[in-house]
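S.K.:
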Amino acid sequence: MDVQQIELFGIGHRLRLLPCGVVCSVLSGNSGPAQHIPDNGDGPGSFVDSIGVVISDFAPTVTTVSSAVEKVDADALVIGVAKGPDGPVLLPNPLAEKAAKGVSDSLKALGASGAADQLLRLPGVDGFKSETLVLIGVGPMTGEPDGGLSTEALRRAAGSAVRQLSSAGSVALALPAATVEQVAAVAEGAALGAYSFPHFKGSESARSKTPVAEIAVLTELKDKHTKPAVARASVVAAAVRATRDLVNTPPSHLYPESFAEAVKGHAQGSKLKIKVWDHKELDKGGFGGLLGVGGGSSRKPRLVRVEHSPAKPVAHIALVGKGITFDSGGLSLKPANAMTTMKLDMAGAATVAAVVKAAADLDLPVRVTGWLCLAENMPSSTAQRPEDVITIYGGKTVEVLNTDAEGRLVLADGIVAAGEENPDAIIDIATLTGAQMIALGNRTAGVMGNEDLREDLVEASQDAGESHWAMPIPEEAISGFESAVADLTNTGAREGGMLNAAAFLREFVPEKPDAPKDALDPEQKRIPWAHIDIAGPSFNEKGPYGYMPKGGTGVSVRTLITYLEGLAR
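For what it's worth, the working numbering labels the leading residue of the sequence shown as 1, then goes sequentially.
#1: By Cβ distance below 6 Å, which residues in the same chain neighbour A260 in space, the five residues on each side in sequence not counted?
#2: So what does DSSP say about L122, is it helix, strand or coil?
#3: According to DSSP, simplified to helix, strand and coil, what is R506?
#4: Using a Cβ-Cβ cutoff of less than 8 Å, which residues in the same chain neighbour Q384 once the five nearest sequence positions on both sides are dropped?
#5: Buried or exposed: L149, going by 16 or more other Cβ atoms within 10 Å of its Cβ?
#6: Within its chain, find whatever has a CB closer than 6 Å to the CB of V69; leave out the 5 residues flanking it on each side and keep chain order.
#7: In angstroms with no decimal places, state the Cα-to-Cα distance between T142 and P88.
#8: Looking at the ligand MG, does it come within less than 7 Å of R367, judged from the CB to the closest heavy atom?
#9: Taking only three categories from DSSP, how would you classify G434?
#10: Considering only residues of the same chain and omitting the five flanking positions on each side of Q436, which have a CB-CB separation below 7 Å?
#11: Please state the DSSP three-state secondary structure of L567.
#12: Relative to the C-alpha of A242, which residue among G566, R569 and G552 is closest?
#13: Using 10 angstroms around the beta-carbon of Q182, count the other beta-carbons present and answer buried if the total reaches 16, otherwise exposed.
#14: Would you list, in sequence order, the uninterrupted beta strand (DSSP E) runs of no fewer than 3 residues that lie entirely inside the stretch 187-243?
#15: When you compare each of E511, T61, R558 and P92 to G419 by their alpha carbons, which one comes out closest?
#16: Going by CA-CA distance only, name the one from G323, L119 and P140 that's closest to V134.
#17: Can you give me the start and stop residues for the beta strand (DSSP E) that G446 sits inside?
#18: Would you say A191 and K357 are within 8 Å of each other, going by their C-beta atoms?
#19: Find the nearest neighbour of I473 within the set A501, V212 and E482, judged by alpha-carbon distance.
#20: Between K517, A519, E281 and E523, which has its C-alpha nearest F508's C-alpha?
#21: Need the endpoints of the alpha helix (DSSP H) that F326 sits in, please.
#22: To the nearest angstrom, report how far apart S113 and A353 are at their CA atoms.
#23: So the alpha helix (DSSP H) M156 belongs to, where does it begin and stop?
#24: CA-CA distance, G496 and K312?
#25: Taking the alpha carbon of I427 as the reference point, which residue from W529, W371 and A187 has its own alpha carbon closest?
#26: Among the residues of its own chain, which have a CB less than 7 Å from the CB of A439, if the five just before and after it don't count?
#27: If we count the other Cβ atoms within 10 Å of its Cβ and call it buried at 16 or more, is N540 buried or exposed?
#28: According to DSSP, simplified to helix, strand and coil, what is K284?
#29: Quick one, are the C-beta atoms of T416 and Y393 less than 8 Å apart?
#30: Below 8 Å CB to CB, which residues in the same chain sit around G169 once its five sequence neighbours on both sides are set aside?
#31: Given P251, which residues of its chain have a CB within under 7 Å of its CB, disregarding the five upstream and five downstream residues?
#32: Beta strand (DSSP E) containing G87: first to last residue?
#33: Have a look at G492 and A503 and give me their C-alpha separation to the nearest angstrom.
#34: Applying the criterion that 16 or more other CB atoms from any shown protein chain within 10 Å of the CB defines a buried residue, is E188 buried or exposed?
#35: Could you name the residues that DSSP lists as bridge partners for Y545?
#36: Since K273 sits in a beta bridge, which residues does DSSP pair it with?
What follows is the structure, encoded as structure tokens:
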């Protein structure tokens with residue numbers, strides 16, 4: 001990621017990023033990747049050396065229950081409290097009326113405000129099998145108690161409750177669930193909140209702790225209506241957790257080779273097709289971006305292609321993910337404390353891997369090809385230098401002026417390679433610029449590219465409950481990349497850094513084979529393309545909130561799955 005953009009805006013060295021997990025893939029101590037793990041001081045044979053890359057196979061069991069709450073046997077029973085205009089309001093669920101009567105008139109006395117994430121435990125409530133009655137805040141109301149809350153508010157409340165009740169073995173959620181959409185939101189939020197990453201803790205007891213394992217959603221709807229929604233929620237949440245796991249894995253264990261092996265392991269049992277280009281094959285193929293960025297590391301780059309190929313696809317979408325497993329900046333070295341979160345610079349590739357797997361698990365009738373551009377950006381005598389000229393796959397040349405603007409170089413290789421298959425659209429996703437954080441903050445991703453595709457992705461993000469914002473690519477932006485010796489430089493003007501980086505990537509989007517020769521607008525000639533910059537929202541450096549843990553967030557996974565589902569409809 002290009003930290004220089006942040007420094008120019010006076011934010012100093014700040015830079016952070018993310019990803020997440022699903023099925024289990026553990027590279028044992030005698031596997032290829034694990035042989036390269038350096039001594040971490042625990043001594044030979046320590047558990048840390050044997051961990052490898054973990055994509056946890058933990059998944060909570062999520063079911064729907066139509067019994068009244070007094071008959072539900074769970075460690076904790078959760079009821080929602082909204083922040084109403086005249087004080088806290090207990091949210092109705094027909095199955096929880098008896099429980100509601102006991103606390104509805106006492107909300108203020110109990111200290112309930114309805115503020116999002118506020119959780120109150122009321123132990124020992126008479127007449128219930130559940131050991132604890134829990135009140136969870138859902139935030140401000142925007143209408144009537146039974147219809148004034150968005151599905152995202154319910155998703156966050158369910159996730160917040162499950163996250164904060166991590167010591168409970170089972171949780172029953174009596175949140176509003178009168179529609180399939182509400183049931184889906186509660187189920188998804190709860191499954192997203194059931195996440196932890198204890199694999200590198202020192203004590204066995206700490207490593208063995210798991211989040212809430214059993215989740216019940218109380219609803220009067222019949223199973224035949226809710227079962228598909230709950231099943232989908234579980235798949236989506238699993239994809240997010242897989243992304244988080246990968247992002248949270250330390251760079252001592254996650255690097256191009258081990259990343260590729262983890263993806264293959266994660267795909268076992270599915271019909272995904274996977275191809276991996278190693279260093280020699282990349283050299284033979286002319287992938288100059290990956291080779292240049294990864295040239296300074298002893299851990300050589302990889303290009304991974306993951307494909308979900310249904311029998312009769314309605315469309316073909318290519319996803320390209322930036323996978324810098326650690327970004328030191330290369331010879332354009334980052335300040336020391338700007339490196340401390342740079343394990344997250346592979347969040348885009350983790351997102352792509354998880355989304356393709358989810359497309360297969362959901363059996364979507366959309367062909368999805370994922371391209372994971374994996375490299376480690378390190379300084380050494382073999383690293384690329386400022387003023388080097390590299391040749392991107394396909395033939396365009398780039399003068400490297402800043403080795404810390406490396407993500408765009410590996411993405412360029414991936415975009416060109418993806419375009420050779422003539423997909424209906426190419427979407428790249430990356431923790432690309434510090435400028436994204438300056439423009440949109442730490443919770444909103446930027447989306448650039450073809451207008452129609454860009455708007456479709458933003459709409460999908462709204463449906464998914466994520467925050468993505470459409471941004472332009474000014475025509476003059478590309479002028480900042482002019483080079484006297486190559487086709488382009490890899491850095492442009494400091495102002496509008498996020499938009500400029502997108503302008504650079506657009507130069508590598510191939511033309512459609514059937515593009516009209518006389519088209520005046522270049523957009524009519526190129527394969528439809530969009531770029532998602534997740535630099536800020538990919539990693540949560542602050543405290544957890546809603547269904548979001550600290551660390552990797554898995555942002556954009558739900559957006560991309562929702563987008564693909566839209567094509568299927």
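Built from N, CA and C at the ideal position, the CB exists for glycine as well.
M.R.: From the atom records:
#1: Taken in chain order, the residues that qualify are V276, R302 and V304.
#2: Correct three-state label for L122: strand.
#3: The three-state reading of DSSP puts R506 in helix, counting H, G and I together.
#4: Within the same chain, Q384 has close Cβ partners G292, V293, G295, G296, G330, L331, I390, V400 and T403.
#5: Label assigned to L149: buried.
#6: Excluding residues up to 5 positions away in sequence, L77, L95, A96, A99 and A174 lie with their Cβ nearer than 6 Å to the Cβ of V69 in the same chain.
#7: Going by C-alpha positions, T142 is about 13 Å away from P88.
#8: With respect to the ligand MG, the structure offers nothing, as it holds no ligand at all.
#9: Note: G434 maps to helix in three-state DSSP.
#10: Excluding sequence neighbours, Q436 sits near G446, M498, D533, A535 and G536.
#11: Three-state result, L567: helix.
#12: Among G566, R569 and G552, the Cα nearest to that of A242 is on G552.
#13: Label assigned to Q182: buried.
#14: Here the runs fully enclosed are 214-218.
#15: Nearest to G419 by alpha-carbon distance, out of E511, T61, R558 and P92, is E511.
#16: Considering only alpha carbons, the answer is L119.
#17: Segment A445 to G449, the beta strand (DSSP E) holding G446.
#18: No; because the gap between Cβ atoms is not below 8 Å, this pair is not in contact.
#19: Selected option, being the one with the closest Cα: A501.
#20: Out of K517, A519, E281 and E523, E523 has the C-alpha closest to the C-alpha of F508.
#21: Looking at the DSSP string, F326 is not in any alpha helix (DSSP H); the run it does join, the beta strand (DSSP E), is H316 to D327.
#22: Straight-line measurement puts the Cα of A353 at about 41 Å from the Cα of S113.
#23: According to the sequence as given, residue 156 is Arg; it is not Met. DSSP places R156 inside the alpha helix (DSSP H), whose first and last residues are T151 to Q164.
#24: Cα to Cα, the separation comes out at about 42 Å.
#25: Measuring C-alpha to C-alpha distances from I427 to each of W529, W371 and A187 identifies W529 as the nearest.
#26: The answer, listed in chain order, is G446 and M498.
#27: Counting Cβ neighbours within 10 Å, N540 comes out buried, since at least 16 surround it.
#28: Three-state DSSP puts K284 in a helix.
#29: The sequence shown places Val at residue 416, not Thr. Against a cut-off of 8 Å, the Cβ pair of Y393 and V416 comes out as a contact.
#30: For G169, where only same-chain residues beyond five positions count, the Cβ hits under 8 Å are D75, V212, A213 and E214.
#31: T325, F326 and K343.
#32: Where G87 is concerned, the enclosing beta strand (DSSP E) stretches over G87 to L90.
#33: In a straight line, the C-alpha of G492 is about 9 Å away from that of A503.
#34: E188 should be labelled buried.
#35: Y545 is bridged to M548.
#36: Among the bridge pairs identified by DSSP, K273 is matched with E307.
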